[in-house]
Amino acid sequence: MRTSRKYTLGFIGLGHMGLAIARGAVIKEYLERWRICVYDPSPEVREKCKTDGFDVLSSEREVAEESHLTLLAVTPQMCDSVLEKLKGARMECLVSIVTGVSIKHLQETLDNVPVIRVMPNTPLQISEGSTAMCKSANCRADEYDFVFQLFNSMGVTRTVPEDMINVTVSVHGSIPAYVYYFTQCILDDVAARGLDERTARALLVQTIIGAGKLMQQDINRPLDDFIDEVCSKGGTTIEAIQALKDGNLPELIKEANDRCIHRAEELGE
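Printed below as a string of structure tokens:
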């Protein structure tokens, strides 16, 4: 992807996710530090970026006009105020990781700029992320491929229709919190039964990692096969799984996903 701009990738907003993407691009040798510029209103964040070796510019608008790809990494609540500052800026392509904000809204505000909409998750911080992406009709293929491979270098990336982006929040975007909460519930229970919490946590975390890797190794294998492999007939696990079924875990998951998707839609309104 050729560009006449001074920077290949510019970041507006450098929270945990934005900083993880910027650092990941360098660690994976996808971009050199001097090809990245940033802006964040926080003096502490700007200082951290300088320490990381990224060029810190003076405003959101300067980032947009000096970068080929402008990555918007602000909160949904801050998005419109930032977009107002970018109106009329000479932008080439906008990459948005803002939850819920549609391509249509971004283009209406920014004079039909090409948009790539990205939904990553927090394990991206350790290059184990999963990312869903879509693009506007006027986005060039080489720009989309560049961004796709950037995120793919830090985990797994898939292209989905934009009307499914909010649904993917309940597949990968919010799921780390589901996993952490499920883990906490198990640890609270076994601690109440007297098992040392540090021992329990070490065993449980490794079990989650191991189970995930088994599923990853055989991605097309039915999940029922994995469950049956652990659930010996008349054994302990099959009783536990039945308790989860009796408690209507599928309905709880559906309600959690309903709320998650609804909130993503609200944030975009």
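First residue of the sequence shown? That's 2 in our numbering, and the numbers climb one at a time after it.
We put the beta carbon where it would ideally sit given N, CA and C, even for glycine.
The structure presented is a predicted model; accordingly, all values stated were derived computationally and were not measured.
Outcome for His173 when other beta-carbon atoms lying within 10 angstroms are tallied against a minimum of 16: buried
Taking 7 Å as the threshold (C-beta atoms), are Cys140 and Ile117 in contact? yes
Mind checking which residues open and close the alpha helix (DSSP H) that includes Met120? First-last for Met120: Val116 to Met120, but that is the beta strand (DSSP E), not the alpha helix (DSSP H).
Any idea if Ser59 is buried or exposed, counting beta-carbon neighbours within 10 angstroms, 16 or more meaning buried? exposed
CB Leu111 to CB Leu73, shorter than 7 Å? no
Start and end of the alpha helix (DSSP H) containing Gly269? From DSSP, Gly269 is part of no alpha helix (DSSP H); its letter is neither H nor E.
In or out: Arg260 buried (at least 16 other Cβ within 10 Å) or exposed? exposed
Uninterrupted alpha helix (DSSP H) stretches inside the region 98-146 (no shorter than 4 residues): Those alpha helix (DSSP H) runs which fall completely within the region 98-146 and span 4+ residues are 104-110.
Buried/exposed call for Glu144, threshold 16 Cβ in 10 Å: buried
I think Gly14 touches Asp53, with their Cβ atoms under 8 Å apart; what is that distance to the nearest whole Å? 15 Å between Cβ atoms; not a contact.
Those runs of the alpha helix (DSSP H) which lie wholly inside the region 212-264 and span at least 4 residues: 224-231 and 237-247
What span of residues does the alpha helix (DSSP H) with His271 cover, start to end? What the structure shows of the chain is the stretch from 2 to 270, and residue 271 is not part of that stretch, so it cannot be assessed.
Whole angstroms is fine: what's the gap from Met92's alpha carbon to His106's? Inter-residue distance for Met92 and His106 is about 16 Å (C-alpha atoms, whole angstroms).
If we count the other Cβ atoms within 10 Å of its Cβ and call it buried at 16 or more, is Met120 buried or exposed? With 16 or more Cβ atoms within 10 Å of its Cβ, Met120 is classed as buried.
Measuring CB to CB, does Ala133 end up less than 7 Å from Thr169? yes
Locate the beta strand (DSSP E) running through Ser68, then write down its first and last residues. Ser68 to Leu73
Helix, strand or coil: how does DSSP classify Arg62 here? helix
Same chain, Cβ closer than 7 Å to Glu198, five either side skipped, listed in chain order: Leu188 and Ala192.
Starting from Arg159, follow the beta strand (DSSP E) in both directions and report where the run begins and ends. Gly156 to Thr160
Are the beta-carbon atoms of Val96 and Leu70 separated by less than 7 Å? yes
Distance, Cα to Cα, Ala178 vs Gln185? In a straight line, the C-alpha of Ala178 is about 10 Å away from that of Gln185.
Integer Cβ distance of Val64 from Cys80, believed to fall under 8 Å: Contact between Val64 and Cys80 does not hold, since their C-beta atoms are separated by about 15 Å, which reaches or exceeds 8 Å.
Report all residues from its chain with a CB closer than 7 Å to the CB of Glu61; omit the five preceding and five following residues, and keep chain order. Ile13, Tyr40, Val83, Lys86 and Leu87
Please classify Tyr31: does DSSP put it in a helix, a strand, or coil? coil
Can you give the beta carbon distance from Ser137 to Asn258, rounded, assuming they're within the 8 Å contact cut? Going by Cβ atoms, the distance from Ser137 to Asn258 rounds to 27 Å, so no, they are not a contact pair.
To the nearest angstrom, how far is it from the Cα of Lys255 to the Cα of Arg47? 41 Å
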